[in-house]
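*Asks:* If you use our numbering, the sequence shown corresponds to residues 4 to 504, in order. Backbone N, C-alpha and C fix where the C-beta goes; we use that ideal spot for every residue, glycine too. This is the structure I have questions about; it appears just below.
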Amino acid sequence: MVEVTKRFPGVLANDAVSFEAAPGEVHALLGENGAGKTTLSNILTGLYRPDEGQIELFGEAVHFHSPRDALDAGICMVHQHFRLVEPFTVAENVVLGDHRSEGKSFFVHSPAIERRVAELGEQYGLGVHPRSRIWQLSVGEQQRVEILKALYREARILIMDEPTAVLTPQEAEALFVTLRAMAEEGKTVIFISHKLHEVTAVADRVTVLRGGRTVETVMASDATQRSLAALMVGREVDLGRSPERKQKPSGDVVLELDGVRVPGDRGGEALKGVALVLRSGEIVAVAGVAGNGQRELAETISGMRASSAGTIRVGARELHPGDPRDAIKAGVAHIPEDRLGTGLAPSLSISRNAAFKTYRTAPISWGPFLAVKRMAELARSLIKRYDVKAPGPETPARNLSGGNLQKLMLGREFHGDPKVLIAAQPTRGLDVGAIETVHGFLRDAASNGVAVLLISEDLDEILALADRVVVMYEGAIVGELDAASATVEELGYLMAGGEAR
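Here it is, written out as structure tokens:
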């Protein structure tokens, strides 16, 4: 890609970006949110057309007018959120959308197609049965299907967007083996990730974008996580465990769950007799592959979901099941994983979002009326204290970046001095600069005596922040480890359903 520029109304997404990737290499693409990675990928896959510059493929200039043009040229992308049809089989999903199959009977099980899918799976270590239906597969297996789709289409360039976000460490290692095998065959793999240790482990070269421009391309073997983070944000970044968190907290019990059971949305139980204790000043992390009860745990403690059995206590106070207001009164603060769906109202102003927890109490409310000026004062204080980048308190929440949305929610939840803070996926989708800021807020909360329950799928984050780690599998806590001595391998083993050793 040569001097590629792409503009949107009011935004210069790519500013004369040059990027090259060679056959036979894994090339990582790094950058903060808003650095231009997604736009560049969308141009390369034919979704957008560049305003200036050109794409050269194997030495020849090409012009893509649609994603099909890019597919025909051998460029495929595996998105972070998979594009699969759950009721269909693996083989059906692999050929779905492949126009080379147009005019053929798609729903008839073709032995030739199934045989080819099986051959590709065996060749690249992507073992998954061609007749299995997508809903029967684990998240890791579904990702294999996405890669098989690209291989079936004879992709020469494969773009992987945050490919390990929902994988166990063991699944991630298996993925890296597959990507290296593809590179050794002469294919080009473009690896987009926020996880710096993965980039240094799997990539040959790394290109860093910042502010829509190319900063530098370096050999991965010559780079460190710290040097890459500095290139991404333009300054030194602290990514490790802070020394003050090495002391194990021994405060009073603040949150206690005993035998908590919660019905699942699709039948069965989402939580199966969960017992958990948090102490003042402690950060306890919940690890697990997505869909094993973590979201239900957070929603049950915060009163958004009712339990069918068991008790939840904050201090000496037993919470009423399914009563968010009771949880707030008891001192429970909650940062949900869905920022713009559950945590904030995107169309409302920062001022109104900041007052969500306190709009029924003085000084925000005055009888049946809202004190609009007081709401604006609260919003301005949160904007200043938590460094929320926004024009003012009347700015709609939807106009904020992911990092600023998270800082706004943190400020709102910290307001009122909570006893318990539930932080669900607090840094998902954030860049390293915003991650550093959020980690600092969580550490400060614990230092001030708040009991922090951190729910995360990022094991590096868990080991950097937590004092203890509990692992959830199929709605139950299957193990507990001291974070100071825990390893990624141990956590991954438990996350995959292994028994505690």
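1) Can you list, in chain order, the stretches of the beta strand (DSSP E) that have 3 or more residues and sit fully within the stretch 188 to 228?
2) Let me check understanding here. Comparing Cα to Cα, which of L281, H132, D341 lies closest to I116?
3) For G130, collect the residues of the same chain with a Cβ closer than 6 Å to its Cβ; drop the 5 residues on either side in sequence, then sort them by chain order.
4) What three-state label does DSSP hand N17 in the structure shown?
5) What residues are listed by DSSP as bridge partners for Q57?
6) Could you have a look at T430 and say whether DSSP puts it in helix, strand or coil?
7) Under DSSP, the alpha helix (DSSP H) around G124 begins and ends at which residues?
8) Taking the CB atoms as reference points, tell me whether V277 and L260 lie closer together than 8 Å.
9) Specify, as a first and last residue, the run of the beta strand (DSSP E) that R264 falls within.
10) Kindly indicate which residue of G271, G318, P396, V287 has the alpha-carbon position closest to the one of A486.
11) Measure the C-alpha to C-alpha separation of Y127 and L300 and round it to an integer number of angstroms.
12) Got a sec, what are the start and stop residues for the alpha helix (DSSP H) I304 sits in?
13) Measure the alpha-carbon distance for M222 versus G39 and round it to whole angstroms.
14) V435 lies in the beta strand (DSSP E); which residues open and close that run?
15) Is there contact between the stretch 79 to 92 and the stretch 151 to 163, where contact requires at least three CB pairs shorter than 8 Å?
16) How would you call F417, buried or exposed, if buried means at least 16 neighbouring beta carbons within 10 angstroms?
17) With H, G and I counted as helix, E and B as strand and the rest as coil, what does DSSP make of R320?
18) So, do the stretch 192 to 207 and the stretch 49 to 66 have three or more beta carbon pairs nearer to each other than 8 Å?
19) Mind checking which residues open and close the beta strand (DSSP E) that includes L347?
20) Sorted by chain position, which residues of the same chain lie with C-beta nearer than 8 Å to E477's C-beta, five sequence neighbours on each side aside?
21) Out of M378, P166, G271, state which residue places its alpha-carbon closest to the alpha-carbon of I353.
22) With E2 as the anchor, note down where its alpha helix (DSSP H) starts and where it stops.
23) Where do the ends of the alpha helix (DSSP H) carrying K275 lie?
24) For the beta strand (DSSP E) that contains A333, what are its first and last residues?
25) How close, in whole Å, do the beta carbons of K410 and V435 come, if the pair is a contact with beta carbons under 8 Å?
26) Quick one: Cα of Q258 to Cα of S196, how far?
27) Pair every Cβ in the stretch 7 to 17 with every Cβ in the stretch 159 to 179, then say whether three or more of these pairs are closer than 8 Å.
28) Evaluate contact between the stretch 184 to 192 and the stretch 4 to 11, counting only Cβ atoms and requiring at least three cross-stretch pairs below 8 Å.
29) With H, G and I counted as helix, E and B as strand and the rest as coil, what does DSSP make of V491?
30) Mind reading off the beta-carbon distance from L265 to S224? Whole number of angstroms is fine, and I expect it under 8 Å.
31) Is the beta carbon of L457 sitting closer than 8 Å to the one on A469?
32) Tell me which same chain residues have a C-beta within less than 7 Å of the C-beta of V256, skipping the five on either side of it?
33) For E477, which three-state DSSP category applies?
34) Under the rule that 16 or more other beta-carbon atoms within 10 Å means buried, what is A25, buried or exposed?
35) Using a Cβ-Cβ cut-off of 8 Å (strictly less than) and excluding sequence neighbours within five positions of N402, which residues of its own chain qualify?
36) Quick one: using the 10 Å Cβ neighbour count with 16 as the cut-off for buried, is T303 buried or exposed?
*Replies:* If we stick to the structure as given:
1) 191 to 195, 208 to 213, 216 to 222
2) In the sequence shown, counting from the first residue as 1, residue 116 sits at position 113. Here the closest residue by C-alpha is H132.
3) Within the sequence shown, the letter at position 127 stands for residue 130. These residues qualify, in order along the chain: G124.
4) Translated into the one-based positions of the sequence shown, residue 17 becomes position 14. Here N17 sits in strand by DSSP.
5) Residue mapping note: residue 57 aligns to position 54 of the sequence shown, counting from 1. BP columns for Q57 point to V5.
6) Reading the sequence shown from its first residue, position 427 is the one you call residue 430. In the structure shown, T430 sits in coil (DSSP, three-state: anything other than H, G, I, E or B).
7) On the sequence shown, residue 124 is found 121 positions in, with the first residue counted as 1. Start and end: 114 to 127.
8) Locating residue 277 in the sequence shown gives position 274, counting from the first residue. Locating residue 260 in the sequence shown gives position 257, counting from the first residue. In this structure, L260 lies closer than 8 Å to V277 by Cβ.
9) In the sequence shown, the residue the question calls residue 264 occupies position 261. It spans 256 to 266 - the beta strand (DSSP E) in which R264 sits, taken as one unbroken run.
10) For this step, residue 486 is matched to residue 483 along the sequence shown. Taking only the C-alpha atoms, the option nearest A486 is V287.
11) In the sequence shown, counting from the first residue as 1, residue 127 sits at position 124. In the sequence shown, counting from the first residue as 1, residue 300 sits at position 297. Roughly 37 Å separates the two Cα atoms.
12) Position 301 of the sequence shown, counting from 1, holds the residue named residue 304. From DSSP, the alpha helix (DSSP H) with I304 extends over 297 to 304.
13) Sequence index remark: in the sequence shown, residue 222 carries index 219 (1-based). Sequence index remark: in the sequence shown, residue 39 carries index 36 (1-based). Spanning the two alpha carbons is a distance of roughly 21 Å.
14) Walking along the sequence shown from the start, residue 435 turns up at place 432. Looking at the DSSP string, V435 is not in any beta strand (DSSP E); the run it does join, the alpha helix (DSSP H), is 435 to 450.
15) yes
16) As a first step, residue 417 must be located in the sequence shown, where it is residue number 414. By the beta-carbon neighbour count (other beta carbons within 10 angstroms, threshold 16), F417 is buried.
17) As a working mapping, residue 320 is identified with position 317 in the sequence shown. The answer is strand: DSSP assigns R320 an E or B state.
18) The answer is no - the stretch 49 to 66 does not touch the stretch 192 to 207, with fewer than three Cβ pairs under 8 Å.
19) Locating residue 347 in the sequence shown gives position 344, counting from the first residue. Run containing L347: none; DSSP gives neither H nor E here.
20) Counting from one through the sequence shown, the residue named residue 477 turns up at place 474. Excluding residues within five positions, the ones whose Cβ falls inside 8 Å are K275, N295, G296, G500.
21) Within the sequence shown, the letter at position 350 stands for residue 353. In terms of Cα proximity to I353, the closest of M378, P166, G271 is M378.
22) The structure shown does not extend to residue 2, since the chain spans only 4 to 504, so no value can be given for it.
23) By 1-based counting over the sequence shown, the position of residue 275 is 272. K275 -> not in any alpha helix (DSSP H); beta strand (DSSP E) instead, spanning 272 to 282.
24) Indexing the sequence shown from 1 puts residue 333 at position 330. Careful: A333 lies outside any beta strand (DSSP E), inside the alpha helix (DSSP H) at 327 to 333.
25) As a working mapping, residue 410 is identified with position 407 in the sequence shown. As a working mapping, residue 435 is identified with position 432 in the sequence shown. The beta-carbon distance between K410 and V435, rounded to whole angstroms, is 15 Å. This is too long to meet the 8 Å contact definition.
26) Position 255 of the sequence shown, counting from 1, holds the residue named residue 258. Position 193 of the sequence shown, counting from 1, holds the residue named residue 196. Checking the sequence, you will find Leu at residue 258 rather than Gln. The alpha-carbon atoms of L258 and S196 are separated by roughly 35 Å.
27) Because the criterion of three Cβ pairs below 8 Å is not met, the stretch 7 to 17 and the stretch 159 to 179 do not touch.
28) no
29) For the purposes of this step, residue 491 is taken as residue 488 along the sequence shown, with counting starting at 1. If DSSP states are grouped into helix, strand and coil, V491 belongs with the helices.
30) Numbered from 1 along the sequence shown, position 262 holds the residue referred to as residue 265. Numbered from 1 along the sequence shown, position 221 holds the residue referred to as residue 224. The sequence given here places Val at residue 265; Leu does not occur at that position. V265 to S224, Cβ: 48 Å. No contact.
31) By one-based count along the sequence shown, residue 457 stands at place 454. By one-based count along the sequence shown, residue 469 stands at place 466. Yes, the Cβ-Cβ distance between L457 and A469 is below 8 Å.
32) Start at 1 with the first residue of the sequence shown, and residue 256 comes out as number 253. Excluding sequence neighbours, V256 sits near V280, R282.
33) The residue labelled residue 477 in the question sits at position 474 within the sequence shown. Note: E477 maps to coil in three-state DSSP.
34) In the sequence shown, counting from the first residue as 1, residue 25 sits at position 22. When all chains shown are included, A25 counts as exposed.
35) Numbered from 1 along the sequence shown, position 399 holds the residue referred to as residue 402. The residues are A393.
36) The residue you call residue 303 lines up with position 300 of the sequence shown. With 16 or more other Cβ atoms within 10 Å, it is buried.
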